[in-house]
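Participant: Everything in the sequence shown is counted per the numbering used here, starting at 20 for the first residue and increasing by one. Don't be surprised by glycine CBs; every beta carbon is placed ideally from N, CA and C. Dropping a structure here in C-alpha cells format, bear with me for questions.
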Amino acid sequence: MSSTHLLARIPIFAGFPFDEIDRMLAALDVVRLKAGDVLFYEGDSSEHLFIVVSGVLDIILAFNTANESVVNTLEEGDWLGEISLFVTEGRRTASARARGEVVLFRMGRGQFIQLLQRNPESALITYRDLAEKDRKLQQIYIEKELLDQELKVAADIQKSILPGIFPVHDKFDFGGRILPARQVGGDFYDCFYLDDNRICVLIGDVADKGIPSAIFMARVHALLIAEAESVNSPGDTLRMVNKHITHLEKSAQFVTALYGVLNTETAEFSYARAGHEPPLLLTPQGRIQRLPYKPGMALGLWEDIVLDEYSLFLPKGSLLVMFTDGMTDCRNPKGEPFGLERINRTLAESKVLSAQVSCDELLTRLISYQNGSKQDDDVTLLAVHAK
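Rendered as C-alpha cells:
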C-alpha cells in the first residue's frame with residue numbers, strides 16, 4: 020500500500036485531495052521502534068496522530084501491572100490518536116508497545132491545522148465526521164466509567180467477605196494475606212470460632228479469575244460457613260458443600276479448598292483437602308514438612324468426590340502455612356516460577372514472631388521475586404501459629 024493511500028483511508032483525511040496528502044506526507048516525522056519499545060504510556064500528554072507503516076503495535080491497559088492486558092493490536096494501515104489533533108491537554112488512555120520492529124508516521128497538531136487552513140471545504144467534512152466519532156467515544160467513556168464503578172463495588176464486597184480480624188486466643192494466633200491478579204478474584208480464606216474450644220480455618224481457590232470467579236467464590240464461601248455450623252467433620256462439611264454446588268451450579272466452574280478445625284484445648288488440627296495444595300508445617304526446630312497427602316478432588320465437578328483427610332497436633336512454637344497455587348506459580352521477569360522450594364527457604368530463614376508476620380514476609384519475598392512481571396493468578400496465604 021502506498022503512503023498516500025495509507026493516509027487517505029483514515030476518515031479525517033478522506034475528503035482531502037491526493038496532492039495535499041502527498042504534500043503533507045513529505046512533512047511528517049518517521050518513528051522507528053524495536054521490539055519492546057514503548058511509543059507512549061497511559062496518562063502521557065496526547066499531541067500526535069500515529070499511522071502504522073509496518074510492523075505490529077500492541078495497545079495495553081494497566082501497563083506493567085498485575086492487571087496488564089492487550090486490548091487492541093494495530094498493523095499496517097491502522098492509526099491511533101486522531102482526537103489528539105483536535106483536543107488540547109489530552110491524555111493517552113492506554114500504552115502502546117512494539118511487538119517487533121515498527122515504523123510509523125507521526126503528525127502534530129500544528130501540521131494538521133495548517134492542512135485544514137489550506138483546505139476549508141475538506142475541513143468541514145472532517146469536523147462533521149469527528150463530531151459523530153466524538154459522540155460515540157463519549158458513550159464508550161460513560162460505559163467504561165460505570166464498569167469501573169461496578170468493579171470497585173465488587174472488590175469492596177469481596178473484601179468484606181474476608182475476615183476483618185482473626186480470632187484471639189492465648190495459645191494460638193492466625194494470619195492471612197491475599198493478592199488478587201485482577202481487581203476482583205477467586206481466592207478466599209476465613210478463620211472463625213465454631214464454639215469456645217474450636218476454631219475453623221479455610222482457604223479456597225476458584226478456577227479462573229475475574230467477576231465470574233468472584234461470584235462463584237462468594238457462593239462457596241457462604242455454603243462453607245453455613246455447613247460448618249451444622250456438621251462436625253471437616254470431610255463431611257466439604258462433601259455437603261460439594262453436594263450443594265453440583266446441585267445448583269450449571270457451569271464448569273470448580274474450586275479447590277482446604278477446610279480444618281483446630282481444637283484449642285488439645286492443639287489437634289483436623290482437616291479435609293479438596294484438590295488444594297497440601298499445607299506446610301514449620302517445626303519448633305526449624306524444619307519444613309510438607310504434610311502427608313493423598314489425591315483429592317475439587318468441589319463442583321462431580322457429585323461423589325474423594326477427599327484427603329488428615330489430622331495432626333501442633334506443637335508449641337510450630338507454624339502451619341496454607342496457600343493457593345498462585346504462590347508457587349508466580350513468575351519473575353525471566354518466566355521462572357517462585358516454586359515450593361523458595362517458600363520453604365523463606366520459612367526456614369524467618370523468625371516466627373506471629374502467623375501474620377510470617378504471611379507478610381512470604382508475600383513481600385514473592386513480590387520482590389516477581390519484580391514487576393505480570394501476575395497470572397491470585398495469591399493467598401493463611402497461617403496458624405502455636406505460641
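How close, in whole Å, do the beta carbons of Leu-310 and Ile-222 come, if the pair is a contact with beta carbons under 8 Å?
Facilitator: That belief does not hold up - the Cβ atoms of Leu-310 and Ile-222 are roughly 14 Å apart, past 8 Å.
Participant: Put Phe-273 into one of helix, strand or coil per three-state DSSP.
Facilitator: Coil.
Participant: Could you check the C-alpha separation between Leu-143 and Pro-231 for me, to the nearest Å?
Facilitator: Residue placement at Leu-143 is poorly supported in this model, since its pLDDT is 48, which falls under 50; the coordinates still yield a value, given next. Their Cα atoms are separated by approximately 47 Å.
Participant: Taking only three categories from DSSP, how would you classify Ile-218?
Facilitator: Correct three-state label for Ile-218: strand.
Participant: By Cβ distance below 8 Å, which residues in the same chain neighbour Pro-186 in space, the five residues on each side in sequence not counted?
Facilitator: Counting only Cβ-Cβ distances below 8 Å, and skipping sequence neighbours, we find Phe-193, Cys-210, Phe-211, Tyr-212 and Ile-218.
Participant: Nearest CA to the CA of Glu-120: which residue from Glu-94, Thr-283 and Asp-63?
Facilitator: Glu-120 has its Cα closest to that of Glu-94, out of Glu-94, Thr-283 and Asp-63.
Participant: Tell me the DSSP bridge mates of Val-250?
Facilitator: Val-250 is not bridged to any residue.
Participant: Taking 7 Å as the limit between beta carbons, can you name the residues of its chain near Ala-286, skipping five residues before and five after?
Facilitator: Here the set comprises Phe-332, Leu-333 and Ala-405.
Participant: Buried or exposed for Val-260, going by 16 or more other Cβ atoms inside 10 Å?
Facilitator: Buried, because 16 or more other Cβ atoms sit within 10 Å of the Cβ of Val-260.
Participant: Hey, how far is the Cα of Gly-294 from the Cα of Leu-52?
Facilitator: The alpha-carbon atoms of Gly-294 and Leu-52 are separated by roughly 47 Å.
Participant: Would you tell me roughly how many angstroms separate the C-alpha atoms of Thr-343 and Gly-100, rounded to the nearest one?
Facilitator: Going by the C-alpha atoms only, they are around 42 Å apart.
Participant: Are there 16 or more other CB atoms within 10 angstroms of the CB of Pro-36, so buried, or fewer, so exposed?
Facilitator: Per the 10 Å Cβ criterion, exposed.
Participant: Would you check if the distance between the CB atom of Glu-380 and the CB atom of Thr-365 is smaller than 8 Å?
Facilitator: Yes, the Cβ-Cβ distance between Glu-380 and Thr-365 is below 8 Å.
Participant: As a quick exercise: from Met-126, Tyr-388, Leu-58 and Pro-253, pick the residue whose alpha carbon is nearest that of Phe-288.
Facilitator: Cα-wise, what sits closest to Phe-288 is Pro-253.
Participant: Buried or exposed: Tyr-290, going by 16 or more other Cβ atoms within 10 Å of its Cβ?
Facilitator: Answer is buried; the Cβ neighbour count reaches 16.
Participant: Can you tell me the Cα-Cα spacing of Asp-255 and His-263, whole angstroms?
Facilitator: Approximately 13 Å between the Cα atoms of the pair.
Participant: Let's see if you can read the secondary structure: which residues bound the alpha helix (DSSP H) around Glu-39?
Facilitator: Here the alpha helix (DSSP H) through Glu-39 covers 37 to 46.
Participant: Hey, would you say Ala-402 sits closer than 8 Å to Val-340, going by beta carbons?
Facilitator: Yes. Within cutoff.
Participant: Entirely within the region 312 to 396 and at least 3 residues each: give me those beta strand (DSSP E) ranges in chain order.
Facilitator: Counting whole runs of 3 or more residues, the region 312 to 396 contains the beta strand (DSSP E) stretches 327 to 332 and 338 to 342.
Participant: Helix, strand or coil, according to DSSP, for Gly-129 in the structure here?
Facilitator: Correct three-state label for Gly-129: helix.
Participant: Which one of Thr-275, Glu-368 and Asn-390 has the shortest CA to CA distance from Phe-207?
Facilitator: Among Thr-275, Glu-368 and Asn-390, the Cα nearest to that of Phe-207 is on Thr-275.
Participant: Are the CB atoms of Asp-227 and Gly-205 within a distance shorter than 8 Å?
Facilitator: Yes. Within cutoff.
Participant: Helix or strand or just coil, what does DSSP make of Asp-227?
Facilitator: Coil.
Participant: Please go through the same chain and pick out, in chain order, the residues whose beta-carbon is closer than 7 Å to the beta-carbon of Ser-392, but skip the five residues on each side of it.
Facilitator: If we look at Ser-392 and ignore the five residues flanking it on each side, its Cβ neighbours are Arg-350, Asn-351 and Pro-352.
Participant: Which first and last residues belong to the beta strand (DSSP E) in which Thr-92 is found?
Facilitator: Start and end: 88 to 93.
Participant: Which of the three DSSP states, helix, strand or coil, is assigned to Glu-287?
Facilitator: Correct three-state label for Glu-287: strand.
Participant: To the nearest angstrom, report how far apart Gln-394 and His-67 are at their CA atoms.
Facilitator: One C-alpha to the other measures close to 32 Å.
Participant: Output yes or no for whether 8 Å exceeds the beta carbon distance between Thr-399 and Ile-197.
Facilitator: Yes, Cβ-Cβ distance for Thr-399 and Ile-197 is below 8 Å.
Participant: Tell me whether the region 67 to 79 and the region 112 to 119 touch, counting them as touching only if at least three CB pairs, one residue from each stretch, are closer than 8 Å.
Facilitator: Taking 8 Å as the limit for Cβ pairs, the verdict is that the region 112 to 119 does touch the region 67 to 79.
Participant: Do the CB positions of Val-72 and Val-122 come within less than 8 Å of each other?
Facilitator: Yes.
Participant: Helix, strand or coil for Phe-180? Go by DSSP, reduced to three states.
Facilitator: The question names Phe, but residue 180 in the sequence shown is Ile. Helix.
Participant: Which residue marks the beginning of the beta strand (DSSP E) containing Leu-300, and which one marks its end?
Facilitator: Per DSSP, Leu-300 belongs to the beta strand (DSSP E) from 299 to 301.
Participant: Is the beta carbon of Gly-336 sitting closer than 8 Å to the one on Pro-303?
Facilitator: Result yes, Cβ atoms of Gly-336 and Pro-303 sit closer than 8 Å.
Participant: So, under 8 Å CB-CB, Arg-137 and Asp-48 are touching, yes? Tell me the CB distance rounded to an integer number of Å.
Facilitator: The Cβ separation is near 19 Å, so there is no contact.
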